[in-house]
Every structure is written in C-alpha cells, then in structure tokens.
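Peer 1: Sharing a structure, written as structure tokens. Questions coming.
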Amino acid sequence: MLDNFREWLSDNLRYILLGLAILVVLLVLFFGVRAVTGLVTSKEKGNTTEKTQVVDSKNDNTEAKDESKNNDKKEETSSLEKNAYPEVNSLINSFYEAWGRKDIEQMKQLTDNLDAADEAKVTNSTYIESYNDITVYTKPGLTDDSYVVYASYKLKFTDIKAEAPGLSQLYVMKNEDGSYIIHNDSSDEKINAYLQKVTQDEDVQKLVSQVEDDLNSAIESDEDLKAFEEQLGQDSNSSARAEEGATLTVQEDCNFRAEADTEAEILDVIPGGTEVTKVADGPEGWIEVEYNNEKGFVSQDLLR
C-alpha cells in the first residue's frame, strides 16, 4: 500500500517545487520536489571546493586560521534547530498557507522560480485543503544567511478528517533586496549536492524516520485516510502510463489548452466525466489528448 502511495508521490509530487530545492518527502504533493527518502543515497565522496592559493605566507596563515574558525563555528551550529529564525519561519508558513489557498501569485513572490509545471501542480491539487501545524527545522546553508530547511506539517485532504504528517526539504537564501526567499532551481548542482549531503546527517535521518512513523500510524488508525491513500496509489499516474490511443476520462471540469502551459490559449473547457483520446505524453505534468476532433493539452493529474 505505502509503496504504491510513495510511487504516486514520486511521480506526481516533485516540488513543486520539487525541482526547486524543495525536495519533498513522504507526503509532499507538489512540484519538482524529490522525496527525502530518495536522497538517502551514498554520501558525498569529498569536498570539491577549490581554494585560492595565496603567495604571501602571512596572509595564507591568517586565512587558514579564519577558515578554521569558520569551520569550527559551522560545526558548532550544524545540529537541527527548531523554529530558530523568525524570518525563515514566516517565509515557510506563508509559502504553505499560499499553497493551501492555491495562491500562485503569492507563491511566486516567495520563490525565485515557479514555472508553468509547478503552477499546474498547485492549481490541480484540489485534494489538498491546507498545511497545518508547521514546524521549521534548519541547518546552515552554503553561505551566510542561507539555510537548509526541513518543514514538518500536517496535511489536510479535502473531505478527510484525519491529517497526514509530512516533511519537505527546502533551501532558503536572501534575495537581492535582503529578504529571505525559497531557492527553486533544480539545475543548481552545487546546492543539490549539499542538500543530499545534509540529508545524510544523523539528526535529519532521525527526523525523517519519526515523520514516516507518524504517517504510517495516521494511515493505519484512520479508515478514511487509509482508503484515500490506497486510491491514490492505485490511480497514480495512470494517464502517463497509458499507451497512445488509449481512452482517458477527465476527472473534473478542466481547461483544454493549445500548449502545455498554464498561460497557453484555452481551446475549450472539458466537462468532468468526458472521455478523451491520448495522443502522446507532453512536457512534465501534461498529456496531449484529442477532444472534439482537436488536439490540445490537459494536466495529467486530471486524467484517469
């Protein structure tokens, strides 16, 4: 059961920003987010940061001492801190509150990149009602005033009374104007490598395990949540797995667009329950279909 659910999460909820450095774990229903459990792989082989050589031996010794002090400081502050930075706490709470409201404009203000695929994931996640009881855990980032964030929360699904524990990993840094922002760039290899490294830390692994245990307990103790989880696992990505020419059913009224983009022209509105023909897999999160003898795109989350 949970394996099916996690497969669905992996396929559909990659943070949103899942590309983003929102590497989601467990129950993060969103973008380019990757499951934290999936990040628990081999540890980094070594430090690849190049250090500039200094000719003056006195300066070299001074820099070495300064670097040693910085390393000692980083070592001292490397443990997870809970709700330690008010500005970061406010950013994370605002982000998840906006997600619950499907407030795309607000989310754009809180991240440095929110593309069309991310927007579609948020807009179409109608089964998510809200993120509650958010707790913000932090570790130092690669630069001053940057942080690796682990946000734990209780995820409320529509029409399901019981809440599902979840945990997401994000990278927070200061913007040009000095305010904190969520860094959402899946191509940033340096930060991605650092996020993977931090995920190996013992205290992070302990937090992940605790949230996973809480999630398992919640699912096993509530029949409605358990049934919802099983249904998600069974329905996961069925439209993406379907072969070209297969008949798919639209789950609810949705926009039929000329291109795979939430800003693209709306060709029509397809009523829920309508059958369409799959033409091909589109860009991430989209399926090209034929409807009324016309070809266009629909979010794959709305097709079964």
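All the letters of the sequence shown, read from the start, carry residue numbers 4 to 307 under our numbering. Idealized CB from N, CA, C, for every residue including glycine.
Write down every uninterrupted run of the beta strand (DSSP E) in the segment 124–203 whose length is 3 residues or greater and which is fully enclosed by it, in chain order.
Peer 2: List check, beta strand (DSSP E) in window: 131–143, 150–160, 167–177, 183–185.
Peer 1: From T141 to Y294, what does the alpha carbon distance come to, in whole angstroms?
Peer 2: Here residue 141 corresponds to residue number 138 of the sequence shown, with the count starting at 1. Here residue 294 corresponds to residue number 291 of the sequence shown, with the count starting at 1. Going by the C-alpha atoms only, they are around 48 Å apart.
Peer 1: I want to know whether the segment 247–254 touches the segment 185–194 - three or more CB-CB distances under 8 Å.
Peer 2: Cβ pair count under 8 Å is below three, so no.
Peer 1: For A165, which residues of its own chain have a beta-carbon under 8 Å away from its beta-carbon, when the five flanking residues on both sides are left out?
Peer 2: Start at 1 with the first residue of the sequence shown, and residue 165 comes out as number 162. A221, S224, D225, D227, L228, listed in sequence order.
Peer 1: Could you please give me the residues that DSSP links to F300 through a beta bridge?
Peer 2: Taking the sequence shown and counting its residues from 1, one reaches residue 300 at position 297. Per DSSP, R260, E291.
Peer 1: Is it the case that the Cβ atoms of V91 and V151 are separated by a distance below 8 Å?
Peer 2: For this step, residue 91 is matched to residue 88 along the sequence shown. For this step, residue 151 is matched to residue 148 along the sequence shown. It is not a contact, given that the beta carbons lie outside the stated cut-off.
Peer 1: Based on the DSSP output, what are the partners of D284 in its beta bridges?
Peer 2: Within the sequence shown, the letter at position 281 stands for residue 284. Note: D284 sits in a beta bridge opposite I290.
Peer 1: So what does DSSP say about E247, is it helix, strand or coil?
Peer 2: What you label residue 247 is simply residue 244 of the sequence shown in a count that begins at 1. Three-state DSSP puts E247 in coil, outside helix and strand.
Peer 1: Compare the beta carbon distance of V125 and W102 with 8 Å and say whether it is the shorter of the two.
Peer 2: In the sequence shown, the residue the question calls residue 125 occupies position 122. In the sequence shown, the residue the question calls residue 102 occupies position 99. A contact, by the Cβ cut-off of 8 Å.
Peer 1: According to DSSP, which residues form a beta bridge with D271?
Peer 2: Taking the sequence shown and counting its residues from 1, one reaches residue 271 at position 268. F259.
Peer 1: Under a three-way DSSP split, which group does S239 fall into?
Peer 2: Here residue 239 is taken as the residue at index 236 of the sequence shown, counted from 1. For S239, the pLDDT reaches just 48, beneath the cut-off of 50, and the residue's location in the model is therefore unreliable, although a value from the coordinates is still provided. Coil.
Peer 1: Determine the DSSP secondary structure at L113, reduced to helix, strand or coil.
Peer 2: Numbered from its first residue, the sequence shown carries residue 113 at position 110. Here L113 sits in helix by DSSP.
Peer 1: Terminal residues of the continuous alpha helix (DSSP H) containing D216?
Peer 2: Start at 1 with the first residue of the sequence shown, and residue 216 comes out as number 213. Residues 205–224.
Peer 1: Can the beta-carbon of S302 be found closer than 8 Å to that of A123?
Peer 2: What you label residue 302 is simply residue 299 of the sequence shown in a count that begins at 1. What you label residue 123 is simply residue 120 of the sequence shown in a count that begins at 1. Contact flag set, yes.
Peer 1: Measuring straight from C-alpha to C-alpha, what distance separates E10 and L218?
Peer 2: Sequence index remark: in the sequence shown, residue 10 carries index 7 (1-based). Sequence index remark: in the sequence shown, residue 218 carries index 215 (1-based). Since pLDDT at E10 reaches only 40, below the 50 mark, its modelled position is unreliable, and the value read off the structure follows with that caveat. Their Cα atoms are separated by approximately 15 Å.
Peer 1: Here's a check: name, in chain order, each residue in its chain whose Cβ is nearer than 6 Å to the Cβ of D148, leaving out the five neighbours to either side.
Peer 2: In the sequence shown, counting from the first residue as 1, residue 148 sits at position 145. Closer than 6 Å at Cβ, skipping near neighbours: K177.
Peer 1: Output yes or no for whether 8 Å exceeds the beta carbon distance between Y183 and Y99.
Peer 2: Position 180 of the sequence shown, counted from the first residue, corresponds to residue 183. Position 96 of the sequence shown, counted from the first residue, corresponds to residue 99. Not a contact, by the Cβ cut-off of 8 Å.
Peer 1: According to the Cβ coordinates, are L1 and A196 closer than 8 Å?
Peer 2: The structure shown does not extend to residue 1, since the chain is modelled only from 4 through 307, so no value can be given for it.
Peer 1: Can you round the beta-carbon distance between V272 and N258 to whole angstroms, since I take them to be within the 8 Å contact cut?
Peer 2: For the purposes of this step, residue 272 is taken as residue 269 along the sequence shown, with counting starting at 1. For the purposes of this step, residue 258 is taken as residue 255 along the sequence shown, with counting starting at 1. Right, the Cβ-Cβ distance comes to about 6 Å (below 8 Å), so this counts as a contact.
Peer 1: With DSSP collapsed to three states, give me the class of L83.
Peer 2: Taking the first residue of the sequence shown as 1, we reach residue 83 at position 80. Coil at L83, not helix or strand.
Peer 1: Would DSSP call E266 helix, strand or coil?
Peer 2: Within the sequence shown, residue 266 is the residue found at index 263, counting from 1. Residue state, collapsed to three classes: coil.
Peer 1: Rank L94, S97, L270, T265 by C-alpha distance to the C-alpha of D121 and give the top, closest one.
Peer 2: Here the question's residue 121 lines up with position 118 in the sequence shown. For D121, the nearest C-alpha among the options comes from T265.
Peer 1: Give the single residue among L210, L145, D180, Q203 whose Cα lies nearest to the Cα of P168.
Peer 2: Translated into the one-based positions of the sequence shown, residue 168 becomes position 165. Minimum Cα distance to P168 is reached at L210.
Peer 1: Where do the N-terminal and C-terminal ends of the alpha helix (DSSP H) with Y99 fall, by residue?
Peer 2: Counted from its first residue, the sequence shown places residue 99 at position 96. First-last of the alpha helix (DSSP H) with Y99: 89–104.
Peer 1: Per DSSP, which one or two residues make a beta bridge with T252?
Peer 2: Locating residue 252 in the sequence shown gives position 249, where the first residue counts as 1. DSSP lists E278 as partners of T252.
Peer 1: For G276 and D304, I'd like the C-alpha separation in whole angstroms.
Peer 2: The count along the sequence shown starts at 1 and reaches residue 276 at position 273. The count along the sequence shown starts at 1 and reaches residue 304 at position 301. Cα-Cα distance, rounded: 14 Å.
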